[in-house]
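Working notes, beginning with the structure itself.
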Amino acid sequence: MKSKFLLLLFCCVSYFVNAQTFPISGSIHDDNNIPLPGVSILVKGSTNGTTTDFDGNFTIPNIASGDILIISYLGFVTQEIIVSSPNPLNVQLEADLQALDEVLVIGYGTQKVSKISGSVAVVNAKSIETLQPVRAEDALQGQAAGVNVIANGSPGTKPTVLIRGIPSYTGTDPLVVIDGVQQTLDDLNALNPGDIKSMNVLKDAALSAIYGVSGGNGVILVQTKSGGRNNKTVFSFDASTGIQEVANTIDVLNASEYVSILNEASSNAGEGLIFDDISSYGRGTDWQDQVFVEAPITNFNLTASGGSENTSYFISAGHLAQEGVVGGEDKSYFDRTTLTANFNTNLTDKLVAIINTSYANIKSSSLSENNINSVLSNAINFDPTVSPYDANGNFGTSTNITQEIKNPLALIDNSYNKNNTNKLYGKLELQYDVLDNFKITSRFGYNYVDIYGKDFTPLVFYGVGHNNTTANEDLSPIVTVSPDGEETSTHNRVSESRTNYFRFSYELFGNYDFKIGEDHSFETVAGLTIAKNQGSNVTANAQDIPFNSWNYADVSAATGDLESQTSGSWQYVKRNVSYFGRMNYDFKERYLLSASARVDGSTSFGKNNKFGVFYAGSLGWVISNEAFWNSETINYLKLRSSYGTVGNDNIDPQFATISTFPKYTFDGNIITGSTLQSIPNDDVTWETQTQFDAGLDVKFFESRLSLTAEYWQKTVDDLLFSPTLSLYLGTPDYPAANIGKTKSSGFDFSIGYSDTSSGGFRFSTSVNLTTATNEVEEINNGDKFIWGSGYGIPYTNLTRFEEGYSPGYFYGYKTDGIFQNQAEIDAHATQDGAQPGDIRYQDLNNDGVINADDRGEIGDPFADYNIGWNLAFDYKNFDFMVFTYASVGGDIYRAYERNSNYTNRFASTLDRWTGEGTSTTEPRVTFVDTNNNIRPSDRYVEDGSFVRIKNIQLGYTLPDSFNTATGMSRVRVYAQVKNALTFTDYSGYDPEISSGVLDTGVDRGNYPQPRTWLIGVNVKF
Amino acid sequence: MKIVKHIPFIIAILFISSACSDYVDYEAKENFEIVADAYFYSKEDYESAVVGTYDPLQWMYLNVLIGDIASENSFSGGESATDVIGIQEIDEMRHTPTNDNLTSIWRFLYEGINRANYLEENKDKLEFDGKEALYGEVYFLRAYYYFELVKFFGDVPLFTERRLTATDSGTLERASKADVYAQIELDLLTAISALPNTQSQKGRVTKYAAQALLGKVYLFQDKFAESASMLENVIGNYSLVPNYQDQFLKAGENGPESVFEVQYSNDSEWYDWDFVPQGTEGNFGVIHNGPRAFSGPEYATGWSFNLPTPTLVATFDDGDSRKEASILDIEAFAAETGASYAEGYKHTGYYNKKYIPRAGESGAQTELNYLTNYRAIRYADVLLMAAEANNRNGNDTKALDYLNQVVERAFGNTDHNITASGNTLTQLIWEQRNLELSMEGHHFFDLVRTNQAANVIEGFTAGKHEVFPIPQQEIDISGLTQNPGY
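If you read the protein sequences in the order shown, they are chains Z and G.
Numbers 0 to 1020, taken from numbering that gives the first Met the number 0, label the letters of the first sequence in order.
Numbers 0 to 485, taken from numbering that gives the first Met the number 0, label the letters of the second sequence in order.
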């Protein structure tokens, strides 16, 4: 009876339910309208559910009105939709940029972001796409806290990338790992930024120690794009084109000013006037206007990605063509063609093969840059009274300037070189799932580079008697006859070279993840690496190219005799062997613990120290996962800290070698001799950095606002150094030794906010701030410092790496105004050669004499802090973003002035001292500078702080109606300005000056970053 | 079963692991480098190392320039007051311990000494015929380098056993000038006993060269008797060329008057501006002496340093062939030939014709490759030294004989022969010394040696400027004491 009743009831209920249910179908796509397969759809409170098919479609039966569908997909914000009718649903999932369960690639594995207790910064494909960098690492500037990128204006040139300060001077390039394969920062020249899915910067030892001796400068993990399984092919096409221009020029004297200043300088030296009639010169030639051009830049990218059940693929082809704003056209350009194919296929149900292959071809040509002989240096310093071309159409020449400095247009015209680089890199990887949670990876990575270079030095004419002139005015060789009748001639010259680099690494490692009980999770990895890195070069030179022409510039065409044909070669090899392991542990995702270690062996190290051990550990506490946590405002809170060691092996193998370079002449013949070239240090070892990091991650208001703050510290106790030894040891190469100590510390801070309000308005902004303080604590090389770089003719030392100071600081005299009269000179410490109108230098050591001992710190090129600020709005089909970057507190040393009697001068010369009380900053002009007013001093140091609007972009996505009509799935057009505006007090071209660490901030006529106007289109179909 | 499946992996791991420690061993021969341990096992190795010891002689262009610029013979010149500032300072006697040019002189000389010492260090590794004579060259060169050091810097660190290594940095102190001279004398005496009178290759050191240098070394110590008798060995084995100026031309190189000559070549195609002067086989000093922005016959353009002063030009008597051979009057030359030039800093209208860039005498990189040899010890110099040593040792007869050989050659007749004696003769020998050897890099050191510098050189402070300062860098690194007054 009872059972019957139940049966009846069941039937009734069933009937009731049946009566009210219906199947529901729909499609799910992302914000780019791309269908998402495999999305999970579940009816809330039931087990009823399905996943989307290949085209993003789904159907679920037995839905009742009022049921709630939970739609979830990895990397997207989970949505809940209340079903009110059987009408098909069209759901757009929002990408979840802040996803807490996002999985990040780390060294030799992946980890959930929420479980990471180390320090990592991520730059994703979207920001790379909007920034449109020529080189991938440019996209890190201001986007990742703790990463300081100093961009380079020259086409295709590597920027300076500093991850958390400058612990060592021997090299600051972080390790670059592309899809698990170790590469270098230089290799990013060949990577198409459009192929990048994400760049993860590993900043602390907890994450980088697994790269051991290579991880000392931080690690940039680059993941390239891949297709998704069960996705139909999506094609995308991106193109942009634009114009680059120079935003500002340097104020120098015009011709009238030049001639009157020169006359004054000459008469101040007691010599006669140089120019008789100074009224006839006018403004003369503005050489900077002459050399700067509006240069085009274009970029195309075509990709296809998708996958079947067992295979996925990503194929891309890209072409970038950029000309330089100096010279342009065939003299300064960077053309890159890239082809990438990434395949991923299941060989068996347990064995996956991943084959990534990239090819790049780079063609480039460059003009002399960033030195006293550069085009810009010549443009700043050359005689403004000279016309670009003379009456016969030849390049104008100066009768006054006969050394080094010349007509920059002639210099551009006479510069011939080209480089053709072919590069093949990628990996072949097998992943074998021994068990569900135990995977073995066998990875072979390779990088082959072939560079062909050609350089032609034609016969040139820069004026009669100019020291760089090698031809008569008609460009015929200068033939001279010696007193005993022997004829000699000048020659043009060509040089061809081939350089090969080959690097491979083989890695074998296993990942094993397991749980003990419900709450104790472990992720472990262990493995080994062997790697080899080698390079070689052969160069051939010959002279007498037919017709003095670039068209015939080839060793094979040269007609010079055998004796004039020379050749050279070099090669190197470096090998590493490493073992590594890591264990991550967490308890209920509340308490995090990670430990890693690596043993590295390197051919670079002394015999007595072949292997080094690097280790790191980190702890984290996700407070918000605690049972007691019930804050509505703060939905996520993590504290973390790490400590560990990483290394640096930027030295050469150590040997006492014999050099056969010394030569002497007997009987008129050059005879090869020999001597000891280098002295080894068998004890030399890697630099070990000890790093400490402490930080917190907080998310507020359902993750709409997020904040990360970190403090870090790095110390190196055994800095590698080639010490400056006693000069009485002569001139051999001295070995590197571990004799220095540095300390760096700083804060990384980032805050982000994003919100979607009603009405289709979306807003997101993020600010990050990076600070770094570096100090050299100890150098036991005798004189406690080494010289870094210098400038000028004669070469003058400027930067130092010195105990007690920031690395690469500027060293020179401190000025104290201008001597107004003889009485002031007499009252001052003895300053040889000083006359009224000369600069008064401070007597820093108070010994009553101004000499070399009175030099001190006059500037520090490194910024106190850098800030990046991103701001993005989306409204309906419009998107708008602005990226602003600021660098505050760095100094720049103005080193582009040639300072010879007849070269042009900086416009501030107009405010020079001409008598008592006329100036307290600018010294008198004179041809006989007995006071050496041009010595390195704070007079040349300027504040290099700047705020720069790096990127402004406005995009419009065409409406769906257009897509329906054309069969496209998404079309977006945009306009963009890069380096739109710069706010700075610096007087030079560009306050961003990128070069080696000890060369930073020295402006030798630095190639400016152009302002670039671009329009572009992104199409998906 | 499962284990069997994983055997390939296990084998791979074991294989790779065992290969590993070898894998990071490295031998220099992988990059075709010769290691020191494998050297000095053949006679050729020794001969090469000796050639390497000669090499730094070619880097001494500054020593020569400074020998006149520091004196009243010539002005610094150059483009401007800041062109090669170290030379400008020396010209005006305001040089300080921070002087890159003096620093490089110091380093180059010590490189020479270390190269010689490297041979000393490896002397016993192999016996072969001719080893003693070969080492005679080494000892001469070491003496030559030390003598330059003593002339420039006074007391200097002294070491002879071996090439210094990194651990020796900062451990040495300055040895007294007397001790350094004693070592120079010892080395030269050893060289004299080992060297042949003549060498088959031009440019190699001979016994006479060693005797001439030792005579000079004695003279610099006022050891007149020793000097006179040592120089006597040389006299009669060379001759004065009839036409004074011929010996400064290419055709006159290694001629009958040449006792020791530093050899240069214009054949090298290799050059690197960052590695000058070590990287060139040419005479880098020559370009410095050239007329600025010159265009015309016979000569080639240069950097207008080392400009003969009107004072020097005025000391030549009429009829002295040495004036025409020593001085180029650029204004007269330009007027005559239509050549053009520019006036540089401290322009005097005169150039050093003995070591001037001559048309067609340079190679691939013109500025670096002048073939012009440096006539370090000429027979005329030997005669004048012998004259002085004899005069100051009381033998005026001999002194006049030697002196007048030089004077007669200069004038082509005996009209200007000298007949003085005693101190007057000494003074006349000194005057003839500068007329004969001006612009060859000797004068400043002669003035210092003979205590005339303070009277002749403007800005010269007695008790200070007799020697140049020890480079500041060396003082900072090695803790050496500084010379007085700096």
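Ideal Cβ placement from N, Cα and C applies to all residues, glycine included.
Just to confirm before moving on: does the CB-CB distance between threonine 58 of chain Z and serine 24 of chain Z stay below 7 Å? Taking 7 Å as the Cβ cut-off, threonine 58 of chain Z and serine 24 of chain Z qualify as a contacting pair.
Residues of chain G with a CB under 8 Å from the CB of arginine 574 of chain Z: which are they? Within 8 Å Cβ-Cβ: Tyr22, Val23, Tyr25.
Using DSSP bridges, identify the partner residues of glutamate 495 of chain Z. In DSSP, glutamate 495 of chain Z forms a bridge with Z:Lys453, Z:Ala539.
Please state whether DSSP places glutamate 79 of chain Z in a helix, a strand or coil. Per DSSP, reduced to three states, the secondary structure at glutamate 79 of chain Z is strand.
Taking lysine 813 of chain Z as the query, report the chain G residues whose CB atoms sit under 8 Å from its CB, ordered along the chain. Chain G residues near lysine 813 of chain Z: none, gap ~17 Å exceeds 8 Å.
So within the segment 296–372 of chain G, which uninterrupted alpha helix (DSSP H) runs reach at least 4 residues, ignoring any that extend past its ends? Complete alpha helix (DSSP H) runs here, min 4: 309–314, 320–325, 329–336.
Whole angstroms is fine: what's the gap from aspartate 475 of chain G's alpha carbon to tyrosine 733 of chain Z's? Approximately 18 Å, taken between the alpha carbons.
Tyrosine 584 of chain Z by DSSP, collapsed to three states: which one? Note: tyrosine 584 of chain Z maps to strand in three-state DSSP.
If we count Cβ pairs, one from each stretch, closer than 8 Å, do we get three or more for the segment 464–482 of chain G versus the segment 148–164 of chain G? With a cut-off of 8 Å, the segment 148–164 of chain G and the segment 464–482 of chain G count as touching, because enough Cβ pairs lie within range.
List the residues of chain Z that proline 309 of chain G touches, going by C-beta distances under 9 Å, in chain order. Near proline 309 of chain G there are no residues of chain Z at all, since even the closest Cβ is about 16 Å away, more than 9 Å.
From phenylalanine 443 of chain G to threonine 398 of chain Z, what does the alpha carbon distance come to, in whole angstroms? Inter-residue distance for phenylalanine 443 of chain G and threonine 398 of chain Z is about 36 Å (C-alpha atoms, whole angstroms).
Consult DSSP for alanine 98 of chain Z and reduce its assignment to one of helix, strand or coil. Below a pLDDT of 50, predicted positions are generally treated as unreliable, and alanine 98 of chain Z, at 48, falls in that range; the measurement from the model is reported next regardless. If DSSP states are grouped into helix, strand and coil, alanine 98 of chain Z belongs with coil.
From valine 137 of chain G to threonine 52 of chain G, what does the alpha carbon distance come to, in whole angstroms? Going from the Cα of valine 137 of chain G to the Cα of threonine 52 of chain G covers about 7 Å.
Chain-order list of residues whose beta-carbon lies under 6 Å from that of valine 351 of chain Z (same chain, five-residue window excluded): If we look at valine 351 of chain Z and ignore the five residues flanking it on each side, its Cβ neighbours are Asn345, Gln430.
In this structure, what does DSSP give as the bridge partners for tyrosine 505 of chain Z? BP columns for tyrosine 505 of chain Z point to Z:Phe443, Z:Ile529.
Using the Cα positions of isoleucine 353 of chain Z and alanine 294 of chain Z, report the straight-line distance between them to the nearest angstrom. So the two alpha carbons sit approximately 40 Å from each other.
Would you mind listing the alpha helix (DSSP H) stretches within the segment 259–298 of chain G that are 4+ residues and don't spill past its ends, in chain order? Correct list: 283–287.
In angstroms with no decimal places, state the Cα-to-Cα distance between arginine 1071 of chain Z and isoleucine 195 of chain Z. Given that chain Z is displayed from residue 0 to residue 1020, the structure contains no residue 1071 of chain Z and the question cannot be resolved.
Proximal residues of chain Z, C-beta to C-beta of glutamine 200 of chain G below 8 Å: Near glutamine 200 of chain G (Cβ distances below 8 Å), the residues of chain Z are Phe665, Asp666.
For the candidate residues G:Phe39, G:Ser228, G:Tyr109, G:Leu61, whose alpha-carbon lies nearest to that of leucine 724 of chain Z? Selection G:Phe39, G:Ser228, G:Tyr109, G:Leu61 evaluated against leucine 724 of chain Z yields G:Tyr109 as nearest (Cα-Cα).
When DSSP labels each residue in this structure, what does leucine 272 of chain Z get in the three-state scheme? In the three-state reduction of the DSSP assignment, leucine 272 of chain Z falls in the coil class, being assigned neither a helical nor a strand state.
Say whether the segment 105–119 of chain Z touches the segment 200–212 of chain Z, bearing in mind that this needs 3 or more beta-carbon pairs closer than 8 Å, one atom from each stretch. The segment 105–119 of chain Z is in contact with the segment 200–212 of chain Z.
Using beta carbons (cut-off 7 Å, strictly below), is phenylalanine 654 of chain Z in contact with chain G? Cβ-Cβ to chain G under 7 Å: yes for phenylalanine 654 of chain Z.
Reference threonine 814 of chain Z; option with closest CA among Z:Ile361, Z:Ile933, Z:Asn147: The residue with the shortest Cα to Cα distance from threonine 814 of chain Z is Z:Ile933.
Ends of the alpha helix (DSSP H) at histidine 318 of chain Z? Segment 310–322 is the beta strand (DSSP E) holding histidine 318 of chain Z; no alpha helix (DSSP H) there.
Whose C-alpha, out of Z:Thr1011, Z:Arg1010, Z:Gly1004, is nearest the C-alpha of glutamate 368 of chain Z? Distance from the Cα of glutamate 368 of chain Z is smallest, within the candidate group Z:Thr1011, Z:Arg1010, Z:Gly1004, for Z:Gly1004.
Take proline 132 of chain Z and list the residues in its own chain whose beta-carbon comes closer than 6 Å to its own, dropping the five residues that flank it on each side. The answer, listed in chain order, is Ala138, Pro192.
If the cut is a Cβ gap below 8 Å, which residues of chain G does glycine 465 of chain Z touch? Checking the sequence shown, residue 465 of chain Z turns out to be histidine, not glycine. Ordered by position in chain G, the residues that pass the 8 Å Cβ test against histidine 465 of chain Z are Ala292.
For the pair the segment 175–187 of chain Z and the segment 681–692 of chain Z, tell me if three or more CB-CB distances fall below 8 Å. No: the two stretches stay apart, fewer than three of their Cβ pairs being nearer than 8 Å.
Interface residues of chain G around leucine 726 of chain Z at Cβ under 8 Å? Within 8 Å Cβ-Cβ: Thr102, Trp105, Arg106, Tyr109, Pro470, Gln472, Glu473, Ile476, Ser477.
Where does the unbroken alpha helix (DSSP H) through glutamine 426 of chain G begin, and where does it stop? Segment 421–436, the alpha helix (DSSP H) holding glutamine 426 of chain G.
Terminal residues of the continuous alpha helix (DSSP H) containing isoleucine 379 of chain Z? Element bounds for isoleucine 379 of chain Z: 374–380.
Answer yes or no: does any C-beta atom of chain G fall closer than 7 Å to that of arginine 1003 of chain Z? So no, arginine 1003 of chain Z is outside the interface.
Distance check for glycine 672 of chain Z and leucine 125 of chain G, CA to CA, integer angstroms please. Taking the straight line from one Cα to the other gives about 18 Å.
For a contact meaning CB atoms closer than 9 Å, what does asparagine 898 of chain Z contact in chain G? Per Cβ cutoff of 9 Å: Ser79, Thr81.
Here's the rule: buried if 16 or more other CB atoms are within 10 angstroms of the residue's CB, otherwise exposed. What is phenylalanine 546 of chain Z? It is exposed - the Cβ of phenylalanine 546 of chain Z has fewer than 16 other Cβ atoms within 10 Å.
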